[in-house]
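Working notes for the structure below.
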Amino acid sequence: MKSRLLILSGLGLLSLPLPAQVTVVAPPTTPVVEVVRPAEPSLDTSDAQRRLSVAPQVVVVPSPDAAVPSRTTTITETKGRPTRIYNADRNVVIVQEQGQSRELPFVTLPVLFVKETDELLDEKSRIAVEQIAGVILAISRTEAGTVFDIEGHTSTDGEENYNLELSAARAKRVYDELTQRYGVPAEVLSAHGYGEAFPMYPDGTEKEMQQDRRVLVVRTK
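Numbered by mature numbering (1 follows the signal peptide of the UniProt record, and there is no 0), the letters in the sequence shown go through residues -20 to -1, 1 to 201 in order.
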């Protein structure tokens, strides 16, 4: 399993370009991302607030033999790094590390980007970012110490390093929009680019792989 991880700090990014560790990789000659409007073009803010209002918690999870990947559950184990289980039915990420498992709620942000860039594609995408900003602000104002991670993901189509850089740039773009345009405090956000490390459909059809090209908002604290 490909497993490189690019981390963008959630602090002090308001006026800085991509951090030094982000390397610009020339795009491959074959297309990486096709922009197709998903079936759910708008964010259900009530549902998003309900899900993200649930604080992360320590949970008891099945043994490795009992945890089986399915069409809605992705399990990725990498030596030296936490095991991450994405459950799309329940909208949670279960992170297993050092004998402890934590369940983190997430919502999928219905945003699209211009092909092979971090530029938001359309007004519906910009509205979705504005809506999630309102949700994050509402929760963080009533619950001290909350932190939300912006996760960028791609499908397995295309070159691994390029997908990693693309996912990081898109996560940072959403982070920048939230902090600079909509006033979300930087201290309640972080951003990660995971590239193609956690696909739901590693060998899926083009329609299925479109669902892997996603941005998640994950509550980590």
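Using N, Cα and C, we set each Cβ at its ideal position, and we do this for glycine too.
Among the options, nearest to residue i - alpha-carbon criterion
i, options, result
"residue 120", "23, 34, 24", "34"
"residue 69", "62, 76, 87, 82", "87"
"residue 176", "155, 102, 158, 135", "135"
"residue 67", "107, 142, 178", "178"
"residue 22", "186, 185, 103, 81", "103"
"residue 79", "196, 38, 199", "38"
"residue 142", "95, 155, 199", "95"
"residue 195", "155, 186, 183, 185", "155"
Supposed contact pair residue j and residue i - C-beta distance, whole angstroms, cut 8 Å
i, j, result
"residue 73", "residue 127", "That pair is no contact at about 14 Å."
"residue 90", "residue 77", "Actually they are not in contact, since the Cβ atoms of residue 90 and residue 77 sit about 30 Å apart, beyond 8 Å."
"residue 25", "residue 164", "In fact, because the Cβ distance is near 15 Å, the residues do not count as touching under 8 Å."
"residue 157", "residue 109", "5 Å"
"residue 162", "residue 113", "4 Å"
Beta-carbon proximity list for residue i, same chain, < 8 Å, skipping 5 on both sides
i, result
"residue 98", "146, 149, 150, 152, 153"
"residue 123", "33, 35"
"residue 200", "36, 84, 127, 128, 129, 170"
Identified DSSP bridge partners for residue i
i, result
"residue 159", "DSSP output for residue 159 lists no bridge partner at all."
"residue 138", "For residue 138, which the question treats as bridged, DSSP gives no partner whatsoever."
"residue 191", "Looking at the DSSP assignment, residue 191 forms no beta bridge with any residue, so it has no partner."
"residue 88", "196"
"residue 100", "93"
"residue 80", "77"
Cβ neighbours of residue i in the same chain (closer than 7 Å, five flanking residues each side left out)
i, result
"residue 105", "91, 92"
"residue 191", "180, 181"
"residue 125", "201"
"residue 183", "none"
Reduced DSSP secondary structure (H/G/I, E/B, other) of residue i
i, result
"residue 24", "coil"
"residue 12", "Confidence is the limiting factor: at residue 12 the pLDDT is only 38, short of 50, which leaves the residue's position unreliable and the question unanswerable from this model."
"residue 147", "helix"
"residue 154", "helix"
"residue 47", "Note that residue 47 scores a pLDDT of 49, beneath 50, so its modelled location is shaky and nothing firm can be said."
"residue 38", "strand"
"residue 123", "coil"
"residue 164", "coil"
"residue 108", "helix"
"residue 114", "helix"
"residue 186", "helix"
Own chain residues within Cβ distance below 6 Å of residue i, not counting five before or after
i, result
"residue 188", "181"
"residue 31", "71, 85, 87"
"residue 111", "23, 25"
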